[in-house]
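Scroll down for the structure; my scribbles are underneath it.
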Amino acid sequence: MSEPLLTIRNLRASVDDKEVLKGIDLSVAAGEVAAIMGPNGSGKSTLSNVLAGRDGYEVTDGEVRYDGQDLLAMEPEERAATGVFMAFQYPVEIPGVVNATFTRTALNAQRKARGESAIDAIDFLKGARATLARLEMDEDFLRRDVNAGFSGGEKKRNEIFQMAMLEPRLAILDETDSGLDIDALRIVATGVNAMRNPERALVVITHYQRLLEYVVPDSVHVLADGRIARSGDRELALELERAGYAAFQPA
Amino acid sequence: MTPLRETVETVERASGEYRYGFVTDIETERAPTGLNEEIVRFISAKKEEPEWLLEWRLKAFRMWLGLEDREPRWANVHFPKIDFQEACYYAAPKQEGDGPASLDEVDPELLRTYEKLGIPLREQEVLAGVAGAGNVAVDAVFDSVSVATTFKDKLAEMGVIFCPISEAVRDHPELVRKYLGSVVPQGDNFYAALNSAVFSDGSFVYVPKGVQCPMELSTYFRINAQGTGQFERTLIIADEGSRVSYLEGCTAPQRDENQLHAAVVELVALKDAEIKYSTVQNWYPGDAEGKGGIYNFVTKRGACRGADSKISWTQVETGSAITWKYPSVLLQGDRSIGEFYSVAISNLRQQADTGTKMIHLGRDTRSTIISKGISAGRGQQTYRGLVRVQPKAGGARNFTQCDSLLIGDTCGGHTVPYIDVRHPGAEVAHEATTSRISDAQLFYCRQRGLDPEEAVSMIVNGFCRDVLQQLPMEFAVEAQKLLGISLEGAVG
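Line by line, the protein sequences are chains A and B. Counting in my numbering, the first sequence runs from 3 upward without gaps. Counting in my numbering, the second sequence runs from 705 upward without gaps.
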């Protein structure tokens, strides 16, 4: 088997001088859906932010290889251009910028960085409409300002929409299921499943098992106190659902 | 390539440097340095003006002398005292005989300058161009004189007069005499008096009754010569039931000295007439230490003289070291409408004190003010606006929204609204917000693939959208790029 798409070795990171990630080891292969589960405060969001390159997270040790490259040495926009996408837990509002413009500008910025030609507005719109239909979203959505005045569910669906349009190779979904009702959860899951293919890896970060009923993971990893405490298959998620995280909490 | 497209791409290629800072090497005829009655006479003689206009200038000059040491000091801008005797009040590209009759007679060096600036002077290019090239007639003012006006003939067919004001003085004296100084009187303020005494050139527009001007009219102002000020005078008259959209653009070479630009713009809208006046101002802003740049001290005022008339100011102010400017509307006619849409950027060490005055005189008059101020670097920005409702202006309504966006923590944004209501039935609403570009917004954009400057540009353009939408299509695109460029280096 070839090298995994993503390899994390002994990753340590601090926020405000407090160590949150205490030596993470994890690899995710292309085509794999890896679920990372854990109690609140275990470092799930820190891990996704570190992978995406957000300021304020200091990596103190370890390395992250992505597609043969040193991911941590790259700027956030360079990571994006090489195919790293993060679906935000709290998507940000950008008043005055419509969704269609935002997403197309992002897509073309990435394409430009990869030396590809720009997608024109008409081709973009065609693809966007098809994606929206799949996500059961109204076309009107393209003309609305990015996340401004969106409900929680709409914001999360917008993340999935952007993911579908940007076609990343590594998608990190940071608690995408939080705050969703059952219908929205099903729609989001459909959107995520549509992204599954042998070239792409998905890292699904979640507190609950319920998203995994729809997006069935290939591997499940329990993050507790800044380390991967246990890894397994889908059964592990079901076990956590029954027994909770008590076994992994610091005494 | 169409000229406008070229402009956009020229701007795109710019990398944080002021792109228009070059100097055109051309022989210039100048007035002696300094300001006195002789200089006023010199300018008037150069332009072969009639006696009445010379007298008008001299009267203004005497008023200016009376206003000496009465420079406005209330604005929130700081600069060393200007020595008005050190400037040159007239500079013109040298030419043989009369002014150019057609573009073919214009000095090719000048045409190259405008080409470099991306200004579509060559009518044939615009005519041959695709839809995106726009339908724009241009008057190009180089230092103190107008060098070329395009599409004159086509406009004349509809009775629209669009020419340098010096030409209007010669060919349409009755109109100029009737309206010049009728909105901004000679003694209105220090800079207006100065302009009235020494104004050099500018555009004149008259749109006859019932005519919808078929194309955008545009003036492009360029300060080239060293040690000169530019004192242009623009007069636009929309006769009853007519409509016109006008745009001005400005650039200047990059110089270490400060140069003065003190323009006066007067608009007159008669009954049922509508004037839309847009400005994209990109004078040289000075460098990061505050050296050089244009002092932009401008008096712009429109009078809605007739009932149901409308005047709309839209401005995108990205340049100048100091901006002092309050495009205003006198709402004299009943049911007349005044609008002010503004985006102003202060980056580097730029200072801007800008806003508007809406003076409600007629019944059921309405005004809207949307101001978007963006401060970055060590820029300081003040919105200063006056809404006045006079005792006879029953049913007057105003809505004002002032939003400030701060980038970084070494800049400032200030809002100074004056509201003076003398009629109990008036409705005046003022909303103001101040926000910052958040790290979360920046990171969100970067995670999607935008570099920090693209991200700031996008967020700022979103912040200004309400105003940019007011610009004519072709110019909106250019303005968007300009906003991005003006803010380059604003984020680490």
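All residues carry an ideal CB built from backbone N, CA and C; glycine is no exception. Computed from a prediction, not measured in an experiment: that's the story for all the values here.
{"query": "For residue 773 of chain B, name the three-state secondary structure that DSSP assigns.", "result": "coil"}
{"query": "According to DSSP, is residue 12 of chain A part of a helix, a strand, or is it coil?", "result": "strand"}
{"query": "In chain order, what residues of the same chain have a beta carbon less than 6 Å from the beta carbon of residue 990 of chain B, not counting five sequence neighbours either side?", "result": "996, 997 and 1025"}
{"query": "Beta-carbon of residue 173 of chain A versus every beta-carbon of chain B: anything under 7 Å?", "result": "no"}
{"query": "Which chain B residues are close to residue 106 of chain A, counting only those with a beta carbon under 9 Å from its beta carbon?", "result": "Neighbours of residue 106 of chain A on chain B: none; closest Cβ ~11 Å, over 9 Å."}
{"query": "When the cut-off is 7 Å and only beta carbons count, does residue 88 of chain A lie next to chain B?", "result": "yes"}
{"query": "Can the beta-carbon of residue 286 of chain A be found less than 7 Å from the beta-carbon of residue 73 of chain A?", "result": "Nothing in the structure corresponds to residue 286 of chain A, since chain A is present only between 3 and 253."}
{"query": "Let me check understanding here. Comparing Cα to Cα, which of B/898, B/921, B/728 and B/792 lies closest to residue 738 of chain B?", "result": "B/792"}
{"query": "Considering only residues of the stretch 116-170 of chain A, which uninterrupted alpha helix (DSSP H) runs meet the minimum length of 4 residues and lie entirely inside it, listed in chain order?", "result": "123-136 and 154-168"}
{"query": "Going along the chain, which residues of the stretch 1064-1096 of chain B sit with their C-beta nearer than 9 Å to a C-beta in chain A?", "result": "none"}
{"query": "Is DSSP giving residue 1170 of chain B helix, strand or coil here?", "result": "helix"}
{"query": "Residues bridged to residue 1 of chain A by DSSP?", "result": "The displayed coordinates of chain A run from 3 to 253. Any statement about residue 1 of chain A would go beyond what the structure contains."}
{"query": "Answer with buried or exposed for residue 765 of chain B, where buried requires no fewer than 16 other C-beta atoms within 10 angstroms of its C-beta.", "result": "buried"}
{"query": "If you reduce the DSSP assignment to three classes, tell me which class residue 712 of chain B lands in.", "result": "The predicted position of residue 712 of chain B is uncertain, since its pLDDT is 37 and thus under 50; a value taken from the coordinates is nonetheless stated next. Helix at residue 712 of chain B."}
{"query": "Less than 7 Å between the beta carbons of residue 944 of chain B and residue 980 of chain B, yes or no?", "result": "no"}
{"query": "Spatial neighbours of residue 1022 of chain B within its chain, please: C-beta separation below 6 Å, excluding the five flanking residues on both sides.", "result": "986, 1049, 1186 and 1190"}
{"query": "Return the chain-ordered list of same chain residues with a C-beta closer than 7 Å to the C-beta of residue 305 of chain A, the five sequence neighbours on each side being excluded.", "result": "Residue 305 of chain A is absent from the structure shown; chain A starts at 3 and stops at 253."}
{"query": "Would residue 1004 of chain B be called buried (16 or more neighbouring beta carbons within 10 Å of its own) or exposed?", "result": "buried"}
{"query": "Hey, is residue 924 of chain B's beta-carbon within less than 7 Å of any beta-carbon in chain A?", "result": "no"}
{"query": "Please identify, using Cβ separations under 8 Å, the residues of the stretch 1121-1145 of chain B that lie next to chain A, in order along the chain.", "result": "1142, 1143, 1144 and 1145"}
{"query": "Pull up the DSSP beta-bridge partners for residue 727 of chain B, would you.", "result": "Note: residue 727 of chain B sits in no beta bridge, so no partner."}
{"query": "Can you find the residues in the same chain that come closer than 8 Å, C-beta to C-beta, to residue 36 of chain A, ignoring five residues on each side of it along the sequence?", "result": "28, 30, 203, 204, 205, 206, 219, 220, 221, 222 and 223"}
{"query": "Does any CB atom of chain A fall closer than 7 Å to the CB of residue 1162 of chain B?", "result": "yes"}
{"query": "Short of 6 Å in beta carbon distance, which residues of its chain neighbour residue 1100 of chain B, apart from the five on each side in sequence? Order them along the chain.", "result": "1064, 1069, 1093 and 1130"}
{"query": "Okay, do the stretch 1142-1158 of chain B and the stretch 75-87 of chain A touch, 3+ Cβ pairs below 8 Å being the bar?", "result": "yes"}
{"query": "Between which two residues does the alpha helix (DSSP H) containing residue 857 of chain B stretch?", "result": "856-861"}
{"query": "Which residues in the same chain as residue 247 of chain A place their Cβ atom closer than 6 Å to its Cβ, once the five residues preceding and following it in sequence are excluded?", "result": "41"}
{"query": "Return no unless some Cβ of chain B is closer than 7 Å to the Cβ of residue 112 of chain A.", "result": "yes"}
{"query": "What residues of chain B sit near residue 96 of chain A, judged by a beta carbon separation below 7 Å?", "result": "1145, 1163 and 1166"}
{"query": "Using the beta-carbon count (16 or more within 10 Å), is residue 50 of chain A buried or exposed?", "result": "buried"}
{"query": "Which residues, taken in chain order from the stretch 150-176 of chain A, show a beta carbon closer than 8 Å to some beta carbon of chain B?", "result": "164 and 168"}
{"query": "Whose C-beta lies closer than 6 Å to the C-beta of residue 978 of chain B among residues of the same chain, with five residues either side of it excluded?", "result": "947 and 1014"}
{"query": "For residue 144 of chain A versus residue 115 of chain A, is the C-beta distance shorter than 7 Å?", "result": "no"}
{"query": "DSSP state of residue 1185 of chain B, grouped into three classes?", "result": "helix"}
{"query": "Please classify residue 853 of chain B as buried or exposed, where buried requires at least 16 neighbouring CB atoms within 10 angstroms.", "result": "buried"}
{"query": "Taking the alpha carbon of residue 197 of chain A as the point to measure from, which residue in A/117, A/34 and A/94 has its own alpha carbon closest?", "result": "A/34"}
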